[in-house]
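In this note's numbering, the protein residues as written are 26 to 300. Note that the Cβ used here is the ideal one computed from N, Cα and C, for glycine as well. Working notes for the structure below.
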Ligand code: ATR
């Protein structure tokens, strides 16, 4: 059998953590496979995607700025990719180029133990989502699958938040990015608070103990939002959980075997050591 090879494409791509994650799982499984980092300029995207088949690659993860543009070069798009309007994974399946969005599954993974989607735990009555860009779209699609009651989107451009709720058929409203209202779940789906970015311009006083606060930012791991949430007695979920969670279904699709998840702590330490 030929060596299974996959990778990640983006522009630039030097910052991507995907190689660390996939190579960790390959090593854990003792699997003879490779995972590369491919810088692909926007004007080369079509040629690169068509080249996957010619090169015999299993597929690629897709990151900024290609998540939307890549879709026109694919044969099929999975349901979550269609719902989000973006894909972060391309898999070569029997010669067909198939786009998937595993960000939704990655976002949902750590929430499974906290809220249910009609199962055992409590449902999400009210969620607050900060942001209305691409990441927020994946978060909102995820919340919809959990059967969220109502969503408040806080966004600098309020109309964009309202449009998104409307488009996805979610009940709720959009407001400016200022005070966080009381909610069962609060998610930061902007890159604000990330190292090198401005802080979130929001007051956290509305957070109540017992609420769940989730930041998709993972550098730093403990963002100002998560520190404030922890001080209030909230349950917190950091951005590395989603990062690792979105990689898992992609790994399974590329290498044909589910990644071992019993050593996530070691993987997290590895990711933080290189941060
Ligand atoms: P991503 O794919 O990471 O979601 P994006 O689609 O460009 O990136 O969306 C960025 C999000 O962060 C948007 O919600 C954006 O607000 P606008 O819709 O008003 O543009 C928000 N954002 C980015 N920089 C911001 C800033 N300096 N202040 C407030 N919001 C900001």
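Hey, how far is the Cα of residue 179 from the Cα of residue 186? 7 Å
Would you mind stating whether residue 55 and residue 279 have Cβ atoms separated by less than 8 Å? no
Does the distance from the C-beta atom of residue 125 to that of residue 103 stay below 8 Å? yes
On a CA-only basis, which of 266, 73, 261 is nearest residue 232? Give me that one, please. 261
What do you reckon, are the CB atoms on residue 225 and residue 218 nearer than 8 Å? yes
Would you say the beta carbon of residue 217 comes nearer than 7 Å to a heavy atom of the ligand ATR? yes
Tell me whether residue 198 is buried or exposed, calling it buried when 16 or more other Cβ atoms sit within 10 Å of its Cβ. exposed
Please list the terminal residues of the continuous alpha helix (DSSP H) segment that includes residue 140. Segment: none, residue 140 is in no alpha helix (DSSP H) and carries neither H nor E.
Taking the straight line between their C-alpha atoms, what separation do you get for residue 39 and residue 59? 17 Å
Contact under 8 Å by Cβ, residue 73 with residue 46: no
Rounded separation between residue 213 and residue 36 - CA only: 24 Å
Every unbroken beta strand (DSSP E) within the segment 34–96, with a cutoff of 3 residues, ordered by chain: 59–64, 84–87
Measuring CA to CA, which of 63, 127, 117, 69 is closest to residue 274? 127
Using CA coordinates, which residue listed in 271, 282, 265, 272 is at the minimum distance from residue 290? 265
Contact test: residue 223 Cβ vs the ligand ATR heavy atom, cutoff 7 Å: yes
Same chain, Cβ closer than 6 Å to residue 254, neighbours up to 5 away in sequence not counted: 232, 238, 261
How close, in whole Å, do the beta carbons of residue 122 and residue 99 come, if the pair is a contact with beta carbons under 8 Å? 5 Å
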